C-alpha cells in the first residue's frame, strides 16, 4: 500500500459545527503532515507529527486541533471555523528519519467549505 | 525572494509539443520533488530527485545540485497533461518548501 487516504473528499460545515478530517497511511511512515491550500496558491504547512508527537505547529488557530492516535492515523478536528477557513486540506506522510530523502506521499485532500 | 522559484508561471502549448518547466532554489536540500495537481484535486508526486535524471513515461526530470536547478520535461504533450506543476524542496527536518507552481494548458 503506497497511498495516503483522506476522508471525506468534500465537507460542508456551518460555523457552529464540529467535524473531523481523517488521514490514513500504511507505509510505515512515522512523520505525518497537515497542509492547507487556498485556490491558486501553494500548500501551507499547518502541523507536523513525528513518531506520534506534535513537532511543528505553524501558529495555527486553536479552532484546528490535530490528533495522531497511532502511527497510521492522523485526524484534524474542526470547531467554530470561519468562512475564510474554506480550502483544500492536504495530508502527507514521510519517513521521519533515514535516507536523505524522506519519501513524501500526499493524499488527494478534503475540500472544505465553511458556510 | 522566494527560496524556490519556478518558471514560467503560465504555459500554453499545442498538443504534441515538448514542454519544459524550470525550478531554481537557493537553499541546501536533501531532495527535490515535482508534483502535479489537477483543478480542485489533490497532489500527485511525479518525481523525487536527489541527483541526476529520472524518466517515467513521457515525463523526464533532471536536477543539477551544483547549480541548484531542476527541470521537468514533458514529451509529446497531451491535453490531459493540463495541470499545475509544483516544484518543492526538502530541507532540514523533512520540511517541504514549495514553488508557486506552473499552470500548464495543452490545447488539442
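Protein chains in written order, with our numbering: chain A, -19 to 95; chain B, 2 to 109. Yeah, the Cβ is synthetic: ideal placement off N, Cα and C, and Gly gets one too. Predicted, not measured: the structure shown is a model, and the values here were computed from it.
Proximity of residue i and residue j at Cβ, strictly below 9 Å
i: residue 98 of chain B; j: residue 90 of chain B; result: yes
i: residue -10 of chain A; j: residue 91 of chain A; result: yes
i: residue 72 of chain A; j: residue 86 of chain A; result: yes
i: residue 108 of chain B; j: residue 14 of chain B; result: yes
i: residue 139 of chain A; j: residue -2 of chain A; result: Chain A is shown from -19 up to 95; residue 139 of chain A falls before or after that span and cannot be answered.
i: residue 10 of chain B; j: residue 101 of chain B; result: yes
i: residue 51 of chain B; j: residue 61 of chain B; result: no
i: residue 51 of chain A; j: residue 31 of chain A; result: yes
i: residue 70 of chain A; j: residue 41 of chain A; result: no
i: residue 80 of chain B; j: residue 18 of chain B; result: no
i: residue 20 of chain B; j: residue 74 of chain B; result: yes
i: residue 11 of chain A; j: residue -16 of chain A; result: no
i: residue 65 of chain A; j: residue 95 of chain A; result: no
Neighbour flag for residue i against chain A, beta carbons, 9 Å
i: residue 96 of chain B; result: yes
i: residue 89 of chain B; result: yes
i: residue 83 of chain B; result: no
i: residue 58 of chain B; result: no
i: residue 102 of chain B; result: yes
8 Å contact criterion, which residue i and residue j should meet: CB distance rounded
i: residue 83 of chain B; j: residue 105 of chain B; result: 6 Å
i: residue 46 of chain A; j: residue 56 of chain A; result: 5 Å
i: residue -14 of chain A; j: residue 88 of chain A; result: 6 Å
i: residue 48 of chain B; j: residue 70 of chain B; result: Incorrect: roughly 15 Å between the Cβ atoms, too far for contact.
i: residue 84 of chain A; j: residue 46 of chain B; result: 6 Å
i: residue 7 of chain A; j: residue 15 of chain A; result: With a Cβ gap of about 18 Å, residue 7 of chain A and residue 15 of chain A do not count as contacting.
i: residue 28 of chain B; j: residue 4 of chain B; result: 5 Å
i: residue 36 of chain B; j: residue 30 of chain B; result: No, residue 36 of chain B and residue 30 of chain B are not in contact; Cβ-Cβ is about 15 Å, not under 8 Å.
Beta carbon proximity, residue i to chain B, threshold 9 Å
i: residue 88 of chain A; result: yes
i: residue 84 of chain A; result: yes
i: residue 68 of chain A; result: yes
i: residue 60 of chain A; result: no
i: residue 28 of chain A; result: yes
i: residue 5 of chain A; result: no
Chain A residues whose Cβ lies nearer than 7 Å to that of residue i
i: residue 99 of chain B; result: 22, 23
i: residue 34 of chain B; result: 84
i: residue 93 of chain B; result: Ordered by position in chain A, no residue passes the 7 Å Cβ test against residue 93 of chain B, which lies about 11 Å from the chain.
i: residue 46 of chain B; result: 84, 85, 86
Contacts of residue i in chain B (Cβ-Cβ under 8 Å)
i: residue 91 of chain A; result: 41
Restricting to runs no shorter than 3 residues, where is the beta strand (DSSP E) found entirely within the stretch 26 to 60 of chain B? 32 to 38, 44 to 50, 53 to 57
Sequence ranges, beta strand (DSSP E) only - wholly within the stretch 33 to 61 of chain A, length at least 3: 33 to 37, 44 to 50, 53 to 59
Within the stretch -19 to 11 of chain A, note down every full alpha helix (DSSP H) run reaching 4 residues or more, in order along the chain. none
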